[in-house]
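Trainee: Chains as they are written, first to last, in our numbering: chain A, 1 to 368; chain B, 369 to 736.
A virtual CB, placed ideally from N, CA and C, is assigned to each residue, including glycine.
Please read these numbers as outputs of a predicted model, since none were measured by experiment.
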């Protein structure tokens, strides 16, 4: 059994073979030739201006509504330093991105999870919570959500904005997977529907490269200026060299073909994942996403994911801790399956191992 | 008067003409060719392993005693998140690096300043404070200190370590300027004298480029592992692409000639600064550093730096706020003069304007 090759359904990482290394070498040389003195010096805390302008143009906003950082998670940290005092309430979907939950809790937030349904947050639950407390903000991933794969419907997006207006709270829309839609049509960005109510966060990690650490946030320029002051007090200047390289790469028109390349690579992986679930685990309740990095499943009742995870490890199948995605409990049967960094064959083999692990745990549960 | 070219004695930034842009283009291409898949993917929270190994070899420590980050200031932030609870006491020199003071206070630390003398911290004052409270750590810049330019004597370094041992607290040695010694001989690193007692922080910002954001911390590997967990929870992965480029540049042997280049560039600037002070401001009490980025002066009594700063701005001379370097008061006559990013002519002109501003303020003070 130990001869098996390990298969990791652990982290939402891009496929190594997707990285545009040669184009990046050219972009780095051109960026340093053109902007070397700027890119190697301390820079503005909002990030390298030409990349801010490029992003502003893409999103039809003003450059002062764009702030760059070192990846997007840390921008949420800065927002938390600005807006959250220990004991303050923040809403997230439940499940939600585990690193966001960890970061918010580290800051001392009380994180309340709004149950996620197949078309977005449960709005009755959201409104029920709002009767008790208004959060500092509601952090959500409306497109191809991490960890569930769920996309929020247009109708729910509009109703979430209505509630944010009525109860007066900020929406933090984290949107790193949005451009990776493999079928169906786009739902409107919350930020597009209500720019004054929303901070839009995203990054190049899932499109170009996580190792570059280029993330960004868009929204009200006065709020961004406050976030930038906190950024400056933390690291003086973001990694402007990487901003410059990413800018040059974007300026050359590399983004569109890169996204097409990613889709061509990832679509068969998503299909392999869904087919394998149907074949090997017909009883599991799976989200069938139209894009992004993640499929999620709810395992059948007798097999809690905690035990399945231990059993799977014996079959060289590594799973993330499903409980970590639930800010305030639940998720005992939840499993996230990040499919992008595995080949279709590995995915099929991995889900076979998962099915085997579930069967083992179910059998044990029956004999107890 | 408004035709004057502005002169900035504000920030401690390197000279733009010192950046090794062409070598950096070559290093970027080679690093991406050799390590592209690693540099573009998520990486370890401790940073890119080959650069950690290179630094470990330079400092004769083990690679697990080296952690890389995005510049060094943020590594102090992570240490603060780990070690400081609001209300905890931290010592710094007084004056000290203003950004470190800001960051420590933001975390809720009570920052107590140990007065700095021409050969390092006032040890009687340090011991006096230790009778009342033991700090979580003592943050100090022993070589060519920011903002004063002072270097701590070997004898004082040894006595500081004795006190740290006796009272059982950590020393945080920030050492970004150490390699820029223009004359005299090195004093021993605190970290070399007592590795178990010291966290050594430094960065490539003053040697290669601040825009790359490559900083590091060395010390006990168990403490570093805890700091790395906080880093991971904040930004997942540091900017490994920049780590890879810096590594390739170092591996090629570029560091030594770069340091020689910097010395050749900065020595005449330091000399111009000291000569101009002697010529235009013989009454000011100046620190005459043997290296680094900063000269500091204490203005003669009738001219508080707050008013001089306002007067100077009218002469297109921009000064930093001297008070910000003093964690708990004092420094009313303190002025920091970062000389590296100005030509000798600009430095002479800037100090003439400073002298003129001091005279104006002194005259006003006399007539009141």
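#1: Just to confirm the assignment, what range does the beta strand (DSSP E) spanning residue 507 of chain B have?
#2: Applying the 10 Å Cβ sphere with the 16-neighbour rule, what's the burial state of residue 376 of chain A?
#3: Given a threshold of 16 other Cβ atoms within 10 Å of its Cβ, counted over all protein chains shown, does residue 282 of chain A qualify as buried or as exposed?
#4: By Cβ distance below 6 Å, which residues in the same chain neighbour residue 665 of chain B in space, the five residues on each side in sequence not counted?
#5: Relative to the alpha-carbon of residue 271 of chain A, which residue among A:200, A:292 and A:255 has its alpha-carbon at the smallest distance?
#6: Measuring straight from C-alpha to C-alpha, what distance separates residue 495 of chain B and residue 426 of chain B?
#7: In chain order, what residues of the same chain lie with their CB nearer than 6 Å to the CB of residue 1 of chain A, ignoring the 5 residues before and after it?
#8: Could you give the residue range of the alpha helix (DSSP H) that holds residue 406 of chain B?
#9: Could you pull out every unbroken alpha helix (DSSP H) segment of at least 4 residues lying fully inside the region 594 to 638 of chain B, listed in chain order?
#10: Is there a Cβ of chain A sitting closer than 8 Å to that of residue 604 of chain B, yes or no?
#11: Which residues, in chain order, does the region 205 to 219 of chain A contribute to contact with chain B at a C-beta distance below 7 Å?
#12: Where does residue 673 of chain B sit, in a helix, a strand or coil, going by DSSP?
#13: Rounded to the nearest angstrom, what separates residue 302 of chain A and residue 95 of chain A at their Cα positions?
#14: Could you tell me whether the region 311 to 323 of chain A touches the region 73 to 88 of chain A, using the rule of 3 or more Cβ pairs below 8 Å?
#15: Helix, strand or coil: how does DSSP classify residue 492 of chain B here?
#16: Going by DSSP, which residues form a beta bridge with residue 483 of chain B?
#17: Looking at the structure shown, is residue 145 of chain A part of a helix, part of a strand, or coil, going by DSSP?
#18: Where in the region 508 to 596 of chain B do unbroken runs of the alpha helix (DSSP H), each at least 4 residues long, occur, reported from the N-terminal end onward?
#19: What separation, rounded to the nearest whole angstrom, lies between the Cα atoms of residue 379 of chain B and residue 514 of chain B?
#20: Could you check whether the Cβ of residue 1 of chain A sits closer than 8 Å to any Cβ belonging to chain B?
#21: Closer than 7 Å by beta-carbon distance: list the chain A residues that pair up with residue 405 of chain B, in chain order.
#22: Can a CB atom of chain B be found closer than 8 Å to the CB of residue 258 of chain A?
#23: Which residues in chain A have a C-beta closer than 9 Å to the C-beta of residue 472 of chain B? List them in chain order.
#24: If we ignore side chains and look at the alpha-carbon of each, how far apart do residue 546 of chain B and residue 511 of chain B end up?
#25: Please look up how many angstroms separate the CB atoms of residue 599 of chain B and residue 413 of chain B, rounded, as I've assumed it's under 8 Å.
#26: Can you pull the chain B neighbours of residue 134 of chain A, defined as C-beta to C-beta under 7 Å?
#27: Beta-carbon of residue 85 of chain A versus every beta-carbon of chain B: anything under 8 Å?
#28: Which of the three DSSP states, helix, strand or coil, is assigned to residue 649 of chain B?
#29: Counting only the same chain and skipping the five closest in sequence on each side, list residues whose C-beta sits under 8 Å from that of residue 535 of chain B.
#30: Can you name the start and end residues of the alpha helix (DSSP H) that residue 718 of chain B belongs to?
#31: Determine the extent of the alpha helix (DSSP H) in which residue 78 of chain A is found, giving its start and end residues.
#32: In its own chain, which residues sit with a C-beta less than 6 Å from the C-beta of residue 714 of chain B, not counting the 5 before and 5 after it?
#33: Excluding the five sequence neighbours on either side, which residues of its own chain have a C-beta within less than 7 Å of the C-beta of residue 454 of chain B, listed in chain order?
Mentor: The structure says:
#1: 505 to 508
#2: Outside the shown range of chain A, which is 1 to 368, sits residue 376 of chain A, and nothing can be said about it.
#3: So residue 282 of chain A ends up on the exposed side.
#4: 652, 654 and 703
#5: A:292
#6: About 34 Å.
#7: Note that residue 1 of chain A has pLDDT 49, beneath the 50 cutoff, so the model's placement of it is unreliable and the number below is only indicative. Excluding residues within five positions, none has a Cβ falling inside 6 Å.
#8: Where residue 406 of chain B is concerned, the enclosing alpha helix (DSSP H) stretches over 389 to 408.
#9: 608 to 619
#10: yes
#11: 209, 210, 211, 212 and 213
#12: helix
#13: 21 Å
#14: no
#15: helix
#16: B:462, per the DSSP bridge assignment.
#17: coil
#18: 522 to 535 and 558 to 561
#19: 11 Å
#20: Bear in mind that the predicted position of residue 1 of chain A carries a pLDDT of just 49, short of 50, making it too unreliable to give a figure here.
#21: Under the 7 Å cutoff, chain A gives 16 and 19.
#22: no
#23: Within 9 Å Cβ-Cβ: nothing; residue 472 of chain B doesn't reach chain A, min ~11 Å.
#24: 6 Å
#25: 5 Å
#26: Correct list: empty, because the minimum Cβ distance to chain B is about 26 Å.
#27: Not one chain B Cβ lies under 8 Å of residue 85 of chain A.
#28: coil
#29: Contacts found: 498 and 502.
#30: 712 to 735
#31: 73 to 83
#32: 375
#33: Correct list, in chain order: 476.
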